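This report refers to the structure that appears directly beneath it.
Numbering (the UniProt record's numbering), first residue to last: 1 to 169.
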C-alpha cells in the first residue's frame, strides 16, 4: 500500500473541493435552493462543507508552518499548482530562502495566513480582494494621470490662443 503525503492529500482535497463547490453553484443557479429535497438536507450539506473547510484549514496550517510549499490556484480550471523554492534552486539555497520566508512570516504576525471560519472553501474571496484592490489603485492612478495631462493640454492650448491674439501671429 502506498501512503500519500500530506501535500498530495491536500492537493487532491482542494481539487475535489473546487469541483464540489462549482457543482453546488451550478445547481444553485438552476434553482436548487427552492427544491424540497434540498430543504430536507440543507443542514447535512452545510455540515459537509464545514468539515471540508476544516480539513483544508488543517492541511493549510500544517503546510504554512513547514514553509516548504505553497499552492497557486488556476483562475478558471479546477487545477492547483504546487510551488516551492526546492524546485528551482539547489537544496542549500532553497533551505536558506525558506528560512527567510518563515522569519518574515513570523515578523508580520501569526494570524496573517490563517483561514477564518467564514472564508470560502477555495479562499477565492481573499485572492480576488487583493487583486481588486491593486486594480482599483492602478485605475485610480491612471485616471488621475489622465486628468493632469488633459489639464496641461488645455492650459497649453489656451496659452497658444492668447499668444496668437496678443502678438497677431
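Cβ coordinates follow ideal geometry from the N, Cα and C atoms, glycine included. Only a predicted model underlies this, so the values are computations on that prediction, with no experimental measurement involved.
Outcome for residue i when other beta-carbon atoms lying within 10 angstroms are tallied against a minimum of 16
i: residue 10; result: buried
i: residue 171; result: What is shown of the chain runs 1 to 169, which leaves residue 171 out entirely.
i: residue 26; result: exposed
i: residue 69; result: buried
i: residue 77; result: exposed
i: residue 121; result: Because the pLDDT of residue 121 is 40, which lies under 50, any placement of that residue in the model is unreliable, and the question is left without a value.
i: residue 33; result: exposed
i: residue 56; result: buried
i: residue 163; result: exposed
i: residue 117; result: Low per-residue confidence applies at residue 117: pLDDT is 42, beneath 50, and the placement is therefore not dependable enough to give any value.
i: residue 131; result: Confidence is the limiting factor: at residue 131 the pLDDT is only 49, short of 50, which leaves the residue's position unreliable and the question unanswerable from this model.
Check whether residue i and residue j have beta carbons under 8 Å apart
i: residue 83; j: residue 14; result: no
i: residue 98; j: residue 85; result: yes
i: residue 59; j: residue 6; result: yes
Closest Cα partner of residue i within the set the options
i: residue 20; options: 44, 8, 52; result: 52
i: residue 24; options: 151, 153, 135, 45; result: 45
i: residue 80; options: 159, 153, 8, 3; result: 8
i: residue 49; options: 30, 29, 22; result: 22
Proximity test, Cβ basis, 8 Å: residue i and chain D
i: residue 66; result: The chain inventory of the structure shown lacks chain D, comprising one protein chain alone.
Any non-hydrogen atom of the ligand GDP within 7 Å of residue i CB
i: residue 31; result: With respect to the ligand GDP, the structure shown offers nothing to examine, as it has no ligands at all.
Exercise for review: Would you be able to state if there are at least three C-beta pairs under 8 Å between the region 89-104 and the region 63-74?
Suggested key: In short, these stretches touch, since the Cβ pair count reaches three.
Review point. Which runs of the beta strand (DSSP E) spanning at least 3 residues fall entirely within the region 10-35, listed in chain order?
Key: none
Point to revise | Residue ranges of each alpha helix (DSSP H) within the region 56-120, 4 or longer | key: 85-88, 91-108
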